[in-house]
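Numbering (this note's numbering), first residue to last: 3 to 292.
I have placed the structure first, in the form of structure tokens, so that the comments after it can refer back to it.
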């Protein structure tokens, strides 16, 4: 039982990061119909910028704020290029663009910060908490708490604010939403902004546990998109569920089987899911007239 609690804590911590990245994928997909394969790099930006700024003796709160702003600015920059390409080409070209943008960001990170692994101090010390016979890092509680607050805030925003309801309407039917006076371009801007902020937050809160480096966004991004697909593309809460499901499955596999199979778990999960429910757990089948 103690081992299970230990693995559960590890899975929820890692799953929180996947959930935030998957949610970013879903927001952009709902707003544009295309996938942003550079989404994982916002995790790298959040963690690396915070770590680098802290080395200059900058106050912690300011370093975190600037790192989140960096994730936001980079995402909005990508949005400009994304929109231009989407209007003049197609979805395939946009996907290639986001892949290239992600490679460019990783190359820039290598040039600026090198390949070494960096860390961020834990928010409230690193003395483990004992629950029964299991030991849990205080940072794990910060990760789960901050993720819960962010998700609750987004739920309130999309359900109760005028801008949030407009976003949901535009995601469901862009043409009708535009006829009703909703600015679809603004919706896409909001989607990119939120995705950048979510990824940066995920990178910052988990860096004290998992550390951060220039290539951290590659695998996190892949697992994030798998989480979004498992939950059902277009379903925000499905993406969150998929993220936590992957995190828990990885932790249990690493704990009870072998850590050598950990990174293969999400890919096995998606193959099995496609054999049973290709639209994802909470996705709906789309019918198109031709």
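Cβ coordinates follow ideal geometry from the N, Cα and C atoms, glycine included.
C-alpha distance - residue i paired with residue j, whole-angstrom precision
{"i": "residue 60", "j": "residue 87", "result": "38 Å"}
{"i": "residue 124", "j": "residue 185", "result": "41 Å"}
{"i": "residue 232", "j": "residue 247", "result": "9 Å"}
{"i": "residue 148", "j": "residue 285", "result": "27 Å"}
{"i": "residue 172", "j": "residue 19", "result": "27 Å"}
{"i": "residue 35", "j": "residue 85", "result": "12 Å"}
{"i": "residue 279", "j": "residue 251", "result": "19 Å"}
{"i": "residue 245", "j": "residue 32", "result": "18 Å"}
{"i": "residue 159", "j": "residue 166", "result": "5 Å"}
{"i": "residue 47", "j": "residue 26", "result": "15 Å"}
{"i": "residue 240", "j": "residue 50", "result": "29 Å"}
{"i": "residue 187", "j": "residue 221", "result": "30 Å"}
{"i": "residue 132", "j": "residue 10", "result": "14 Å"}
{"i": "residue 179", "j": "residue 168", "result": "8 Å"}
{"i": "residue 57", "j": "residue 72", "result": "17 Å"}
{"i": "residue 238", "j": "residue 230", "result": "8 Å"}
{"i": "residue 268", "j": "residue 62", "result": "34 Å"}
{"i": "residue 234", "j": "residue 22", "result": "15 Å"}
{"i": "residue 200", "j": "residue 260", "result": "31 Å"}
{"i": "residue 96", "j": "residue 276", "result": "25 Å"}
{"i": "residue 192", "j": "residue 164", "result": "13 Å"}
{"i": "residue 113", "j": "residue 189", "result": "34 Å"}
{"i": "residue 182", "j": "residue 70", "result": "33 Å"}
{"i": "residue 128", "j": "residue 122", "result": "11 Å"}
{"i": "residue 108", "j": "residue 94", "result": "22 Å"}
{"i": "residue 152", "j": "residue 89", "result": "32 Å"}
{"i": "residue 111", "j": "residue 98", "result": "20 Å"}
{"i": "residue 6", "j": "residue 255", "result": "11 Å"}
8 Å contact criterion, which residue i and residue j should meet: CB distance rounded
{"i": "residue 55", "j": "residue 40", "result": "Their Cβ separation, rounded to whole angstroms, is 22 Å, which puts residue 55 and residue 40 out of contact at 8 Å."}
{"i": "residue 74", "j": "residue 204", "result": "That pair is no contact at about 14 Å."}
{"i": "residue 197", "j": "residue 29", "result": "5 Å"}
{"i": "residue 136", "j": "residue 4", "result": "5 Å"}
{"i": "residue 100", "j": "residue 38", "result": "5 Å"}
{"i": "residue 139", "j": "residue 211", "result": "6 Å"}
{"i": "residue 24", "j": "residue 242", "result": "7 Å"}
{"i": "residue 14", "j": "residue 249", "result": "6 Å"}
Span of the beta strand (DSSP E), counted from its first residue to its last, around residue i
{"i": "residue 184", "result": "Per DSSP, residue 184 belongs to no beta strand (DSSP E) and is neither H nor E."}
{"i": "residue 131", "result": "131 to 133"}
{"i": "residue 137", "result": "136 to 138"}
Residue i (DSSP reduced to helix, strand or coil)
{"i": "residue 39", "result": "coil"}
{"i": "residue 13", "result": "helix"}
{"i": "residue 214", "result": "strand"}
{"i": "residue 127", "result": "strand"}
{"i": "residue 279", "result": "coil"}
{"i": "residue 8", "result": "helix"}
{"i": "residue 173", "result": "helix"}
{"i": "residue 57", "result": "coil"}
{"i": "residue 201", "result": "helix"}
{"i": "residue 284", "result": "coil"}
{"i": "residue 234", "result": "coil"}
{"i": "residue 163", "result": "coil"}
{"i": "residue 291", "result": "Unreliable placement is indicated for residue 291, whose pLDDT of 39 sits below 50; no coordinate value is reported for it."}
Candidates the options, of which the one nearest residue i by Cα
{"i": "residue 1", "options": "264, 17, 42", "result": "Residue coverage of the chain in this structure runs from 3 to 292, which leaves residue 1 outside it and unanswerable."}
{"i": "residue 144", "options": "46, 217, 16", "result": "16"}
{"i": "residue 207", "options": "38, 263, 45, 111", "result": "45"}
{"i": "residue 202", "options": "76, 62, 8, 29", "result": "76"}
{"i": "residue 117", "options": "237, 217, 270", "result": "217"}
{"i": "residue 134", "options": "8, 263, 273", "result": "8"}
{"i": "residue 266", "options": "14, 154, 98, 225", "result": "225"}
{"i": "residue 213", "options": "53, 264, 13", "result": "53"}
{"i": "residue 12", "options": "257, 281, 271", "result": "257"}
{"i": "residue 219", "options": "103, 155, 254, 67", "result": "103"}
{"i": "residue 105", "options": "271, 253, 223", "result": "223"}
First through last residue of the alpha helix (DSSP H) which encompasses residue i
{"i": "residue 87", "result": "62 to 90"}
{"i": "residue 122", "result": "Unbroken run through residue 122: none, as it is neither H nor E."}
{"i": "residue 257", "result": "238 to 258"}
{"i": "residue 293", "result": "Given a span of 3 to 292 for the chain in the structure shown, any question on residue 293 remains unanswerable."}
Closer than 8 Å to chain C by CB, residue i
{"i": "residue 187", "result": "The structure shown contains no chain C; it is built from a single protein chain."}
heavy atom of the ligand FAD below 7 Å from residue i C-beta
{"i": "residue 38", "result": "Of the ligands one can find in the structure shown there are none, so the ligand FAD has no counterpart to examine."}
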